[in-house]
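Novice: I have a structure I would like to understand better, so I am pasting it below and will then ask my questions one at a time.
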Amino acid sequence: SKGEAQLVDTLLIGAIIEARSCERFAALAPHLDEELAKFYRSLLKSEARHYEDYLSLASEYAPAAGVDVDERLQAFLAAEAVLVTSDDSQFRFHSGAPH
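With my numbering as the guide, the letters of the sequence shown map in order to residues 264 to 362.
This is the structure:
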């Protein structure tokens, strides 16, 4: 159904958001003092679990929604790549380069 497909999409987008948080925390941790780095590594582990949870739930609901999770995830990642590498009229936290 449309509602189930939207749920799968929402879960996949949530998984992508969590994955990007993991990337940021992993990139920051080596540049911080040990106490703060330890905190960021703990956040990284938490975000990784969230990523896995979202992806698992999307996979669970996908058959009833008639959605191929891998195909849909790749479509979202391709759209994300275009958005973050394109010029943007306003600079925002997750925007492309301002022009």
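We put the CB at the ideal spot given by N, CA and C, even for glycine.
I believe Y317 touches A278 by the beta-carbon criterion, under 8 Å. Please report the beta-carbon distance rounded to the nearest angstrom.
Specialist: Going by Cβ atoms, the distance from Y317 to A278 rounds to 4 Å, so yes, they are a contact pair.
Novice: Is it buried or exposed, E281, if we count other Cβ atoms within 10 angstroms and call 16 or more buried?
Specialist: When all chains shown are included, E281 counts as buried.
Novice: Taking one C-beta from the stretch 304 to 313 and one from the stretch 282 to 289 each time, how about it: are there three or more such pairs within less than 8 Å?
Specialist: Touching, yes, given that three or more Cβ pairs across the two stretches are closer than 8 Å.
Novice: V330 lies in the alpha helix (DSSP H); which residues open and close that run?
Specialist: Careful: V330 lies outside any alpha helix (DSSP H) and carries neither H nor E.
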